[in-house]
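Undergrad:
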Amino acid sequence: MHHLQTLLEGERVRCHLPAASRKRALQLIADLLSDEEVSADTLFDGLMARERLGSTGLGDGVAVPHCRIPSSDMRAALVTLPEPVDFEASDAAPVDLLFVLVVPEDEQSAHLDALATLADIFSQPDQRAQLRACASDDALRNTFSALLTDQGADPSAQSA
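Here my numbering is used: the first residue of the sequence shown is -16, the next is one more, and so on.
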């Protein structure tokens, strides 16, 4: 199984990504997740298609956009926005904290484990506050890693 921490490499963690709309946020995140195998357009189209089925806004200013695409591996990005944007969440609260998960078409269970872990982390007001308080990409990555370790959800984070 892929560990959430190992999915958040390099440029895949962004603190205060400037995006004035849900669409723009997903475009910028698709750019972060693209590579030679999967284009930004493919990622963006997949994320937007999933949003059309129903908002991935969880409430409390959090969204977990996700989709399936033809790919050999799972991809993830953790992003905070400087100003919240409308995500059509069920509580109508705008979103400023996003975890994006892109899953290969044939992957069956790892993403469910990842979504459960994310739901646990984002359901806690103090943990959301810790993530929102971060002022840099490194601080955001380190805070998220510590939350994963506290959850016992990511053994690889302990050895990092």
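The beta-carbon is built from N, C-alpha and C at its ideal position, and this holds for glycine as well.
These numbers were taken from a predicted model, which means no experiment stands behind them.
With respect to the alpha helix (DSSP H) encompassing Leu101, which residues constitute its N-terminal and C-terminal limits?
TA: Ala93 to Phe105
Undergrad: Helix, strand or coil for Pro53, going by three-state DSSP, please let me know.
TA: coil
Undergrad: For Ala122 versus Cys(-2), is the C-beta spacing smaller than 8 Å?
TA: yes
Undergrad: Alpha carbon to alpha carbon, what distance is there between Asp120 and Leu30?
TA: 23 Å
Undergrad: Measuring only the C-alpha atoms, how far is Ala3 from Val78?
TA: Taking the straight line joining both Cα atoms gives about 11 Å.
Undergrad: First and last residue of the beta strand (DSSP E) that includes Phe82?
TA: Val78 to Pro87
Undergrad: Whose C-alpha, out of Gln134, Val62, Val(-4) and Ser22, is nearest the C-alpha of Arg5?
TA: Val62
Undergrad: Going straight from the alpha carbon of Glu(-6) to that of Ala23, what length do you get?
TA: 14 Å
Undergrad: By DSSP, does Thr39 sit in helix, in strand, or in coil?
TA: coil
Undergrad: Considering only C-alpha positions, which residue in the set Glu34, Asp43 and Ile52 is nearest to Ala112?
TA: Asp43
Undergrad: Taking only the alpha-carbon atoms, compute the straight-line gap between Leu98 and Gln10 and give it to the nearest angstrom.
TA: 21 Å
Undergrad: At the level of alpha carbons, what is the spacing between Val85 and Ala8?
TA: 15 Å
Undergrad: Looking only at its chain, what residues have a beta carbon closer than 8 Å to the beta carbon of His94, apart from the 5 residues adjacent to it on each side?
TA: His49, Met57, Leu84 and Val86
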